[in-house]
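Enquirer: I have a structure I would like to understand better, so I am pasting it below and will then ask my questions one at a time.
Protein chains in written order, with my numbering: chain U, 3 to 252; chain F, 129 to 248.
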């Protein structure tokens with residue numbers, strides 16, 4: 003076993019708030035330059051660009067984990083990852099059905115670009131992704147488990163869209179696989195400030211919306227950069243573990 | 129002499145539904161607080177408060193019993209989840225629901241003589 007550096011929370015140009023420079027090949031190039039071997043792609047409420055980044059990553063030896071950053075009914079952001087693209091696509095359809103279906107006003111929110119693995123624009127998503135779904139966080143947890151996915155409440159230390167900020171503490175029914183902290187806090191500070199995360203593994207992510215934000219964020223001590231190994235590491239099982247990068251930017 | 133307001137008075141005045149905790153409608157109200165961020169409510173709300181929110185997650189009940197508030201008003205026609213209602217009945221935390229938005233509810237409560245809880 004060895005340490006594989008990862009950044010599990012990266013947006014593409016599909017997220018209206020992300021820069022248009024976040025194309026699949028550019029993300030892979032930036033990840034490679036930083037020494038990352040595993041990245042997670044998590045756009046807001048959609049996975050339209052996941053396949054393209056996976057294809058771009060395959061040619062460069064970067065493992066891409068496909069996910070969606072869902073905004074729940076309670077305005078909480080949760081990262082959801084899936085082993086198979088089928089499950090991810092199914093989940094995406096359920097999220098689309100749970101969105102209010104308002105039009106994206108590009109001038110106000112930004113473009114929602116759909117790209118191919120070479121970074122060419124193949125389309126634009128019309129429905130606005132920056133909105134809360136009608137799914138409660140408890141329902142989300144139950145449904146993602148049914149689809150054999152991973153549940154990670156996003157940036158729990160942030161002042162907005164965070165599980166701890168919005169809901170005060172971790173609901174019993176949620177049973178997350180892990181908790182994500184931002185680059186602004188160390189593991190020690192997080193455990194000190196949020197005692198309710200005791201018993202959960204912690205990952206750190208960049209939540210990159212632009213290329214220069216992609217960074218070495220969390221190490222996975224595993225055999226190989228594969229789904230089962232990553233899952234074991236998040237659950238701190240079989241000698242596998244996750245090790246958040248500790249030079250926090252303050 | 130001070131004006132005593134109970135949860136039942138608020139139910140009558142707002143014409144709202146009692147979704148849970150109907151046994152505890154005689155509690156007196158001390159102050160009012162409104163926020164949809166539960167960490168904020170935990171930090172500010174206190175015993176006897178009436179709490180106005182659009183949040184419907186089950187955790188509102190735990191926050192309610194933790195802070196010792198008298199009742200929660202869920203506004204804007206938001207529907208508390210079934211597990212929220214059953215938990216509230218269990219813990220004896222009244223949940224009142226109304227179609228009225230928070231702004232309007234708070235205005236009515238203010239006119240009833242209820243004043244805002246201040247952060248200590």
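Beta carbons are placed, not taken as given, at the ideal position from N, Cα and C, and that holds for glycine.
Small disclaimer: the values here were computed from a predicted structure and weren't measured.
Could you tell me how far apart the beta carbons of residue 178 (chain U) and residue 155 (chain U) are, in whole angstroms, since I believe they sit closer than 8 Å?
Expert: Indeed they touch by this definition, with Cβ atoms about 6 Å apart.
Enquirer: Evaluate residue 252 (chain U) with the Cβ neighbour count: other Cβ atoms within 10 Å of its Cβ, from every protein chain shown; 16 or more gives buried, anything less gives exposed.
Expert: In this prediction, residue 252 (chain U) has a pLDDT of 38, which is less than 50 and means its spatial position is unreliable; what the coordinates show is noted afterwards. Burial call: exposed.
Enquirer: Count the other C-beta atoms from every protein chain shown that fall within 10 angstroms of the C-beta of residue 68 (chain U), then say buried if there are 16 or more, exposed otherwise.
Expert: buried
Enquirer: Exposed or buried, residue 210 (chain U), counting other C-beta atoms within 10 Å across all chains shown (16 or more means buried)?
Expert: buried
Enquirer: Under a Cβ-count criterion, where at least 16 other Cβ atoms within 10 Å of its own Cβ denotes burial, should residue 215 (chain F) be classed as buried or exposed?
Expert: buried
Enquirer: How many Å lie between residue 250 (chain U) and residue 164 (chain F) at the Cα?
Expert: Low per-residue confidence applies at residue 250 (chain U): pLDDT is 42, beneath 50, and the placement is therefore not dependable, though the value from the model is reported in the following sentence. Just so you know, the alpha carbons of residue 250 (chain U) and residue 164 (chain F) end up roughly 30 Å apart.
Enquirer: Take residue 199 (chain U) and list the residues in its own chain whose beta-carbon comes closer than 6 Å to its own, dropping the five residues that flank it on each side.
Expert: 181
Enquirer: Could you tell me which chain F residues have their CB closer than 7 Å to the CB of residue 169 (chain U), listed as they occur along the chain?
Expert: Residues of chain F with a Cβ closer than 7 Å to the Cβ of residue 169 (chain U) are, in chain order, 166, 185, 187.
Enquirer: Is it true that the CB of residue 171 (chain F) sits closer than 8 Å to the CB of residue 213 (chain F)?
Expert: no
Enquirer: Are the region 121-135 of chain U and the region 99-112 of chain U in contact at 8 Å, needing three or more beta carbon pairs?
Expert: yes
Enquirer: For chain F, find out if any of its Cβ atoms is closer than 8 Å to the Cβ of residue 140 (chain U); answer yes or no.
Expert: yes
Enquirer: Do residue 233 (chain F) and residue 192 (chain F) have their C-beta atoms closer together than 8 Å?
Expert: no
Enquirer: May I ask which residues mark the beginning and end of the beta strand (DSSP E) holding residue 85 (chain U)?
Expert: Counting along the chain, residue 85 (chain U) falls outside any beta strand (DSSP E), and DSSP gives it neither H nor E.
Enquirer: Quick one: which chain F residues come within Cβ less than 8 Å of residue 173 (chain U)?
Expert: 185, 186, 187
Enquirer: So, at 8 Å on beta carbons, what are the nonlocal neighbours of residue 163 (chain U) in its own chain, with the 5 sequence-adjacent residues on each side left out?
Expert: 73, 77, 78, 79, 156, 157
Enquirer: Listed in chain order, which residues of the region 64-81 of chain U have Cβ atoms closer than 7 Å to some Cβ of chain F?
Expert: Within the region 64-81 of chain U, 76 place their CB atoms closer than 7 Å to a CB of chain F, listed in sequence order.
Enquirer: Assign residue 154 (chain F) to one of three DSSP states: helix, strand, or coil.
Expert: Of the three classes helix, strand and coil, the one that applies to residue 154 (chain F) here is coil, per DSSP.
Enquirer: For residue 210 (chain U), which beta-bridge partners are listed by DSSP?
Expert: U:12
Enquirer: Report the rounded CA-to-CA distance for residue 238 (chain F) versus residue 161 (chain F), giving the unit in angstroms.
Expert: 11 Å
Enquirer: Quickly, what does DSSP pair residue 246 (chain U) with across the bridge? List them, please.
Expert: Partner(s): U:220.
Enquirer: Can you tell me where the alpha helix (DSSP H) holding residue 62 (chain U) begins and where it ends?
Expert: 52-62
Enquirer: Is there a Cβ from chain F that is less than 8 Å from the Cβ of residue 166 (chain U)?
Expert: Yes, its Cβ sits closer than 8 Å to a Cβ of chain F.
Enquirer: Please classify residue 243 (chain F) as buried or exposed, where buried requires at least 16 other C-beta atoms within 10 Å of its C-beta.
Expert: exposed
Enquirer: For residue 29 (chain U) and residue 184 (chain F), what's the separation of their Cα atoms in angstroms?
Expert: 38 Å
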